[in-house]
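J.:
In the numbering used here, the protein residues as written are 4 to 191.
1) How long is the line joining the alpha carbons of residue 136 and residue 82, rounded to whole angstroms?
2) By the 10 Å Cβ neighbour count, where 16 or more other Cβ atoms means buried, how is residue 9 classified, buried or exposed?
3) On the three-state DSSP scale, how would you describe residue 4?
4) Would DSSP call residue 65 helix, strand or coil?
5) Anyone know if the C-beta pair for residue 156 and residue 182 falls short of 8 Å?
6) By Cβ distance, which residues of its chain are closer than 6 Å to residue 131, with the 5 residues on each side in sequence left out?
7) If you draw a straight line from the alpha carbon of residue 4 to that of residue 147, how long is it in whole angstroms?
8) Going by the beta-carbon positions, is the gap between residue 78 and residue 63 smaller than 8 Å?
9) Taking the alpha-carbon positions, what's the residue 189 to residue 166 distance?
10) May I ask you to verify whether the region 18–30 touches the region 46–65, counting CB pairs closer than 8 Å and requiring at least 3?
11) Can you tell me which of the three DSSP states residue 165 falls into?
12) My guess is that residue 126 and residue 72 are in contact by the Cβ rule of under 8 Å, so how many angstroms apart are they, rounded?
13) With DSSP as the reference, label residue 88 as helix, strand or coil.
14) How should residue 33 be labelled, buried or exposed, when 16 other C-beta atoms within 10 angstroms of its C-beta is the threshold for buried?
15) What do you get for residue 184, buried or exposed, if any count of 16 or more other CB atoms within 10 angstroms of its CB means buried?
16) Exposed or buried, which one is residue 178 when buried takes at least 16 other CB atoms within 10 Å?
17) In whole angstroms, give me the CA-to-CA distance for residue 48 and residue 66.
18) How big is the Cα-Cα spacing for residue 141 and residue 86?
19) Assuming the contact rule is C-beta atoms closer than 8 Å, residue 168 and residue 123 should be a hit. Round their C-beta distance to whole Å, please.
Set out below in structure tokens:
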């Protein structure tokens, strides 16, 4: 007999199982019944949480984007250091992703360019308010005085990185180095 689980715990179990199944079978070949079988529940239970396979995948992307943004934002939220140092010290995608995670394996595979771009946009969306607040805090403390509009600067700093992140001719460390150098030179 299956034990009842808390709603969030069950939702997370479904997301994790879905990513394993999507990775093992490929998104197109995977089905809700495969995911249900993986965790030993009825298909109807999965549909209670997610209306479709597409919604389930979107939920997994949102979850992973939230995890990455939280980790990346931790250093940026640190009130003790100036924004420039935060940028130089903040972890990047490449430093915090777990190579053994099914989320990472699926979203960074050779055929996942479009998915990776969606993920990057979702992470950026979550990071803009964090960076905006860090800019505003530095302005209040007198550590930053070259900014008139923290929201626009934050959006530019975060979304502006995507062009570099999406380049295929650079390694992950080269991308991070170029982004950090550029942004840290702009914010003094």
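In this text, a Cβ means the ideal position worked out from N, Cα and C, and glycines have one as well.
T.: Taking the definition as stated:
1) Take the alpha-carbon of residue 136 and the one of residue 82: they are about 10 Å apart.
2) Taking all protein chains shown into account, residue 9 has fewer than 16 neighbouring C-beta atoms within 10 Å of its C-beta and is therefore exposed.
3) Residue placement at residue 4 cannot be trusted, given a pLDDT of 45 that sits under 50; what the coordinates show is reported in the next sentence. In the structure shown, residue 4 sits in coil (DSSP, three-state: anything other than H, G, I, E or B).
4) Here residue 65 sits in helix by DSSP.
5) Not in contact: residue 156 and residue 182 (Cβ atoms no closer than 8 Å).
6) 157, 158 and 161.
7) Bear in mind that a pLDDT of 45 at residue 4, under 50, signals an unreliable position, so the number given afterwards is only what the model happens to contain. Rounded to the nearest whole angstrom, the C-alpha separation of residue 4 and residue 147 is 60 Å.
8) Cβ distance not < 8 Å, so residue 78 and residue 63 don't count as in contact.
9) So the two alpha carbons sit approximately 17 Å from each other.
10) The region 18–30 vs the region 46–65: in contact.
11) Of the three classes helix, strand and coil, the one that applies to residue 165 here is helix, per DSSP.
12) The C-beta distance from residue 126 to residue 72 rounds to 5 Å, short enough to fall under 8 Å.
13) In the three-state DSSP reduction, residue 88 falls in the helix class (H, G or I).
14) Buried, because 16 or more other Cβ atoms sit within 10 Å of the Cβ of residue 33.
15) So residue 184 counts as exposed.
16) With 16 or more other CB atoms across the displayed protein chains lying within 10 angstroms of its CB, residue 178 is buried.
17) Cα-Cα distance, rounded: 19 Å.
18) For residue 141 and residue 86, the gap between their C-alpha atoms comes out near 7 Å.
19) Contact between residue 168 and residue 123 holds, since their C-beta atoms are separated by about 6 Å, short of 8 Å.
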